[in-house]
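Right, one structure below, let's go through it.
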Amino acid sequence: MATAQAPRVDDFDAPRREKRMSLGEHLVEFRKRLMYAALALVVGMVIAFFITDWVIALITEPLRVIAERDGDEAKVELMFSTVTGAFDLRLRMSFAIGILLSAPIWLWQVWAFIMPGLTRKEIKYTIAFVAAAVPLFFAGCWLGLVVMPHIVELMAGFVPDGGASFFEASYYYDFVFKLLIVVGISFVLPVFLVALNVAGVMSGRAILKGWRVAILIAVIFSALATPAADVVSMLMLSGILTVLFFAAAGLSLIFDKRRAKRDAAILPPEIAA
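According to the numbering used here, the residues represented by the sequence shown are 411 to 683, in order.
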């Protein structure tokens, strides 16, 4: 009776598909994937164009809070300085939101294009990386959305008596969008540390050894991303980034221990010693 053999280590380092493609075939495949991704982006932009009113209402909620607090709605307004300003803003918002809505499609197209050349081990690591990075990015964007109203309200508090706050729409949108993107990316950075550990570039001890520098960077980044007077938002953001760093260091240490045990089991005793 034949018994099933366990997969060899080499099997995980072998390409998933051995088919060779010429340069022309690669270009045709790339064009096809690019067209699918572009079509998904256009559809996402069309859908996003019809929900820009809801998004504008969401990001301008702090302005209404300030107006109600001051008791004069004319004091706080979103201003469009050009004839086409409102339309241009909706297009920019549609593009940004369309990228997010179509992300499953164009990410799959990128993945489908490069996947045949990846080994089984690389595919496993890539899936794990994406599964961890995407939720963390959106968690960072959500935190940025939570912190943003406090920043706007705090800065509006410095307007002197008798002054009026007219927020230029394009600048206001850039401020909110950049804040969400920067905070979202900062949440993904610990995943890159784990990826470097998995790739063998940095050990868990090396990552943990830099905890002082990591905390300093987290505090400086939080101070730059939030107003100097908003200490609560700065401490909250720096605290979350610090926790994520130590989580990445701890996970890297676990991977190092597993890797050491696996190497000790595979290598001969005299080499392992």
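Here a beta-carbon is modelled for each residue, glycine too, at the ideal position from N, C-alpha and C.
Just so you know, these numbers come straight off a predicted model, no measurement behind them.
State the Cα-Cα distance for the pair residue i and residue j, rounded to the nearest angstrom.
| i | j | result |
| --- | --- | --- |
| E563 | F505 | 28 Å |
| L626 | M612 | 20 Å |
| T652 | A624 | 7 Å |
| R474 | D498 | 23 Å |
| D666 | F587 | 38 Å |
| Y582 | A477 | 16 Å |
| V493 | F577 | 16 Å |
| V629 | F655 | 13 Å |
| A458 | I595 | 22 Å |
| E483 | L553 | A caution first: E483 carries a pLDDT of 48, below 50, which makes its placement in the model too unreliable to give a value. |
| L468 | P559 | 10 Å |
| A447 | R441 | 10 Å |
| L685 | L647 | With the chain represented from 411 up to 683, any question about residue 685 goes unanswered, as that position is not in the structure. |
| F568 | I561 | 12 Å |
| R668 | A605 | 15 Å |
| A542 | N607 | 15 Å |
| R672 | P472 | 54 Å |
| L433 | G454 | 31 Å |
| F548 | V593 | 9 Å |
| T470 | V456 | 22 Å |
| V520 | G610 | 25 Å |
| L437 | K531 | 26 Å |
| L555 | V642 | 15 Å |
| I650 | G620 | 17 Å |
| F460 | M445 | 23 Å |
| S580 | E435 | 43 Å |
| M565 | E439 | 51 Å |
| F631 | A657 | 19 Å |
| A674 | I664 | 15 Å |
| M644 | F585 | 17 Å |
Identify the continuous alpha helix (DSSP H) that holds residue i and give its terminal residues.
| i | result |
| --- | --- |
| F706 | The chain is shown from 411 up to 683; residue 706 falls before or after that span and cannot be answered. |
| T492 | T492 -> no alpha helix (DSSP H), and no H or E assigned at all. |
| D373 | Residue 373 is absent from the structure shown; the chain starts at 411 and stops at 683. |
| F459 | L433 to F459 |
| F614 | Note that residue 614 is Gly in the sequence shown, not Phe. Looking at the DSSP string, the run of the alpha helix (DSSP H) that includes G614 is G614 to K619. |
Between residue i and residue j, which are expected to be in contact by the criterion C-beta below 8 Å, what is the C-beta distance as a whole number of angstroms?
| i | j | result |
| --- | --- | --- |
| A659 | L618 | 4 Å |
| L590 | C551 | 5 Å |
| G508 | L451 | 6 Å |
| T636 | V557 | 6 Å |
| S375 | G614 | One cannot answer for residue 375 here, as it falls past the ends of the chain, which runs 411 to 683. |
| A522 | R622 | Their Cβ separation, rounded to whole angstroms, is 43 Å, which puts A522 and R622 out of contact at 8 Å. |
| F597 | L546 | 4 Å |
| V465 | M503 | 6 Å |
Can you tell me whether residue i is helix, strand or coil according to DSSP?
| i | result |
| --- | --- |
| S512 | coil |
| F568 | coil |
| T536 | helix |
| S504 | helix |
| A635 | helix |
Is any heavy atom in the ligand NAD found nearer than 7 Å to the beta carbon of residue i?
| i | result |
| --- | --- |
| E471 | With respect to the ligand NAD, the structure offers nothing, as it holds no ligand at all. |
* Do the region 513 to 520 and the region 600 to 614 touch if we need at least three Cβ pairs shorter than 8 Å? -> no
* Asked: Just checking, does the region 486 to 497 make contact with the region 533 to 542 on the three C-beta pairs under 8 Å criterion?
  -> no
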